[in-house]
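Just so we're aligned: the sequence shown equals residues 1 to 100 in full-length UniProt numbering. The beta-carbon is built from N, C-alpha and C at its ideal position, and this holds for glycine as well. Just so you know, these numbers come straight off a predicted model, no measurement behind them. Have a look at the structure below, then the notes.
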Amino acid sequence: MRGACRDRAAVGTDHESETHTVRVRRVPRGVVAAIVPWNLPIMLAVWKIAPALLTGDTVVLKPSPFTSLTGLRIGELLSTACRGRQCWPCVSVLRARRES
């Protein structure tokens, strides 16, 4: 999967002049573990997921068992939005049961 996403990796020209050119390459590094605490579950999950997906990394999201089902819904939305494309990074959501 990393090889497939590397073709899509962002290579942008940051600065260009007559004497030199500065290019920025975003190359996938592998799997990103995103552990999200109970406070601000949506915002903190997006802060961790977005940069990883932009570089083509696979994300394993672990939301807190004390939050609502927002983490599961984010993973569901991302998987349905990316379904059917040739190259798409994967988002997996781990779910833990709350001990009573």
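If you look at VAL46, you'll find it isn't in any beta strand (DSSP E); it sits in the alpha helix (DSSP H) that goes 41-55.
Judged by DSSP secondary structure, LEU69 falls outside any beta strand (DSSP E); it is assigned neither H nor E. TRP47 and LEU54 have their C-alpha atoms spaced approximately 12 Å apart. Following the DSSP letters along the chain, one finds VAL27 in no beta strand (DSSP E), marked with neither H nor E.
Short of 6 Å from the beta carbon of ALA96, and not among the five residues preceding or following it, lie these beta carbons of its own chain, in chain order: PRO65.
Its chain contains ALA34, VAL36, LEU61, PRO63, THR70, GLY71, ILE74 as the residues whose beta carbon lies nearer than 8 Å to that of ALA45, once the 5 sequence neighbours on both sides are disregarded; these appear in chain order. For PRO63, the enclosing beta strand (DSSP E) has its first and last residue at 58-63.
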